[in-house]
Amino acid sequence: MTRIQLLLAAAILGLAQMAAAAGVPAQLHKNPDCFCCEVYAKYLRTHGYEVEVIPSHDLPLIKAEHKVPRALEGCHTTLIAGYVFEGHIPVESIDKVLRERPKIRGLSVPGMPAGSPGMGGEKSEPLKVYVLDDSATPRVYAVH
351 MTRIQLLLAA
361 AILGLAQMAA
371 AAGVPAQLHK
381 NPDCFCCEVY
391 AKYLRTHGYE
401 VEVIPSHDLP
411 LIKAEHKVPR
421 ALEGCHTTLI
431 AGYVFEGHIP
441 VESIDKVLRE
451 RPKIRGLSVP
461 GMPAGSPGMG
471 GEKSEPLKVY
481 VLDDSATPRV
491 YAVH
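Sequential numbering of the sequence shown, starting at 351, is according to this note's numbering.
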């Protein structure tokens, strides 16, 4: 493949990903004082999601309502199409869940890892995305 063909293929793939998310509403619940959550909302918007940011001082309650285990809690909680996406999850994993519709509650990237979408800095290790389900032991869904 020529370089132009590779660039064209990459552009088409990018447009296909955006088209898959186009018009999909998302509710992002965040602490009113957190800036990285706003950056993450912008990241989702650039990938075609319609994000409503909902500032809240009741994040522990929201996480509990959606059965997010304390060990898998992230910076913010995003609700999309019946799934819970906890923290700074790469859009590739979100798109895959929405495309394949697995029988899980959602996904999580615990904490606020540097270099993850919406966070500054460089990754110091691969970013692990965990499954949110009723399992007692966290399972890795994807590594970015």
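Positions of the beta carbon are idealized from the N, C-alpha and C atoms, including for glycine.
In the structure shown, K473 adopts coil according to DSSP, grouped into three states.
In the assembly as shown, A414 is an exposed residue. Its beta-carbon has fewer than 16 other beta-carbons within 10 Å. Taking C387 as the centre and dropping the five residues before and after it, the same chain places the C-beta of L378, K380, N381, V403, C425, H426, G468 closer than 8 Å to its C-beta, in chain order. Taking C-beta separations shorter than 6 Å and ignoring five residues to either side along the sequence, the partners of V389 in its chain run G468, following chain order. Between H438 and V418, the gap from beta carbon to beta carbon reaches 8 Å or more.
Judged by DSSP in its simplified three-state form, A486 adopts coil rather than helix or strand. Taking C-beta atoms as the reference points, A431 and Y399 fail to come closer than 8 Å. In the structure shown, the three-state DSSP call for S443 is helix. Bounds of the alpha helix (DSSP H) holding P410 are 409 to 415. Looking only at P463, G373, G470, the smallest Cα-Cα distance to V479 is reached by P463.
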